[in-house]
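Below is one structure, written out as structure tokens, with a few remarks after it.
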Amino acid sequence: MSKVVYVPLDERPCNAKFPIMLAAITDLRLSSPPRTLLGIKKQPADVEGIRHWLLKETSDADYLIVSADLLVYGGIVPSRLHQLPLAECAARLGFLRDLKRSNPALRIYAFNLIMRAPAYNSSDEEPDYYEQHGYSLFRYGWLSDKQSSEPLAEEELAEWESLQIEVPADVLADFLRRRATNAEVNELAINLVNEGIIEHLVIPLDDNAQFGFSPMEQRKLLLTAERHNLMDRVLLYPGADEIGCILFARVFCRIKNYMPEAAVRYSSTLGPTIIPKYEDRSLNESVKSHLHSGGAYMGDSAATADFVLMVHSPPVSQHEVAESPNPYNDRHRSYFSEVHIPEFVSAIEALAGKGKLIALADVASCNGADHTLMRLLSKKELLPLITAYAGWNTSGNTLGTVVSHAIIASYYRNQDSRPEHTDRMNRYFYLYRLIEDWGYQSIVRQETASRLGELGGTYFQVGHIREQVSQLITQRLHDFCAEYLGETASGAIDGLKADLPWNRMFEVDLTL
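Shown next as structure tokens:
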């Protein structure tokens, strides 16, 4: 039995828990650090403890999947806050050489983000000054990048001149210094691929856009990879919290000598061409990126495919893409004319009836499932015909999660014999995604958030009432399961409990 060691991006369930749940479907051994070594949001992980743990765990391992962000900075949020000098960052990343020397047979699959610059004022996951200057820093990057390739419009030139005055010099210097350090760490990671230390590297673009700091850094990194002829071993595309899952799927395919074919079907004619919110490229390009990153490829026909990826896609791009809590009637008018939900549902039913494995990527809205689609699937009792589902956060988060699950599930579907736990754990992960992405993110989160005022909390501050709020969420999720999931959730939700790991409403941790 192959042993895989996994170091997550941080301690949140999407990073620390989802890959373990996927591994539980398989016959592979997955080892990950104890929770005590991982950080908590802005508190970095115990990097020294992680290194000691890694030396021991990788001594007899076949593969290592490792977040360089955690190994170097202590996690995703600390990567946006640290004051580490480049020499220290390089030394921490260089620890991968020690692991390779200790176990030359170890195959290292690494990932390291391009640091985001979100388009809003909030210091919840950013430096304190982002509360006041976040949007200005985003626009500074946008206009810097845009004017490098095309002239700025008159109003943009005026905005650019205003930003030179509005953004304090010390704020800009701190932000740009950290970006430069993190960008250099990504260059060093590519060099480790060129040395043969890292076998495969993914550099995800976290919350990016058409112009800005991320696209500028992406172009430089791609040129470095191309110069060393590493385009097959260094991948850059939009994503973040799903990378642990997708790299586990890739390792799984490598071990099993499996390269699945995926047929892709959209709910909107415009779907393949739209640019999702928080991303910089067409949806179809992102789909190809996630399939390839996981070890699969996009085929031409459902007839020969190992699974069918049904992509419920938005009909508009970028800022006009709906957020899941938005009522159906508040969406852009294209959602009423350029998305055919009934036909899409019929296609799912027909393809499942032909024996095809159905994986549903619900990316028509951000930060949760499309309740309109999912309610119709429930009404027609089609949920049991679907094998893999995701509909959370960004388009990239959803695609990487559902593709990873579909790859693993399709492999075992084609085997005459499989581990006795495989079918059970397949359904477990599917049910978990339905409850979190549809039940919590699309319905219960907003309902509960509307009551926080009377309880003395806010969306980003529920630590002092965490147990009370978690109980409310748990009860409403039980109600959701009873109303919409029926036999799909039979028996599995008896012990359903919800918790809020970062003392805010954005993410939830479920126990089934």
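Oh and the sequence shown: position 375 is 374 in numbering that gives the first Met the number 0, straight run, nothing missing. Virtual Cβ for every residue (Gly too), placed ideally from N, Cα, C. No experiment lies behind these values; they were computed from the predicted model shown.
From which residue to which residue does the alpha helix (DSSP H) around D169 run? 168-194
With which residues is A262 paired in a DSSP beta bridge? V307
Under the three-state DSSP convention, the category Y236 falls into: strand
Beta carbon of E160 nearer than 7 angstroms to that of S135: no
Alpha carbon to alpha carbon, how far is I442 from S449? Give it in angstroms, no decimals. 11 angstroms
Round the Cβ separation of L8 and L69 to the nearest angstrom and send it over; I've been treating them as touching at under 8 angstroms. 6 angstroms
Use the C-beta contact count for D276: other C-beta atoms within 10 angstroms, 16 or more gives buried, fewer gives exposed. A quick correction: the sequence has Lys, not Asp, at residue 276. So K276 ends up on the buried side.
My parser needs the alpha helix (DSSP H) runs of 4 or more residues fully inside the region 10-52; what are they? 12-15, 17-22
Determine whether the beta carbon atoms of L398 and H289 lie at a separation below 7 angstroms. yes
Below 7 angstroms between beta carbons: does that hold for N102 and S143? no
Candidates A188, K40, L269: which alpha carbon is nearest L235's? A188
The alpha helix (DSSP H) that contains A387, what's its start and end? That residue, A387, is in no alpha helix (DSSP H); its beta strand (DSSP E) goes 387-389.
Are the CB atoms of A491 and L509 within a distance shorter than 7 angstroms? no
Look at T400 and Y411 and say whether their C-beta atoms are less than 7 angstroms apart. no
Alpha-carbon spacing of A408 relative to Y128, whole angstroms: 45 angstroms
Please classify F335: does DSSP put it in a helix, a strand, or coil? helix
Closest to T371 by CA distance: which of S323, W391, N413 is it? S323
Quickly, what does DSSP pair P203 with across the bridge? List them, please. Y236
S489, DSSP secondary structure in three states: coil
Can you list, in chain order, the residues of its chain whose CB lies under 6 angstroms from that of E348, leaving out five sequence neighbours each side? L381
Work out the CA separation of H318 and Q209 for me, nearest whole Å. 12 angstroms
Can you give the beta carbon distance from G367 to D436, rounded, assuming they're within the 8 angstroms contact cut? 6 angstroms
Hey, could you find the ends of the alpha helix (DSSP H) I245 is sitting in? 242-255
When you compare only the Cα positions, how much space is there between N413 and L350? 17 angstroms
Quick check on the burial criterion: 16 or more other C-beta atoms within 10 angstroms. Buried or exposed for Q440? buried
Taking the DSSP output, what are the residues bridged to R417? Answer is none; R417 lacks a bridge partner.
To the nearest whole angstrom, what separates the beta carbons of M297 and A261, a pair I think is in contact under 8 angstroms? 6 angstroms
Look up L495 in the DSSP assignment and say whether it is helix, strand or coil. coil
Any idea what DSSP makes of R450, helix, strand or coil? coil
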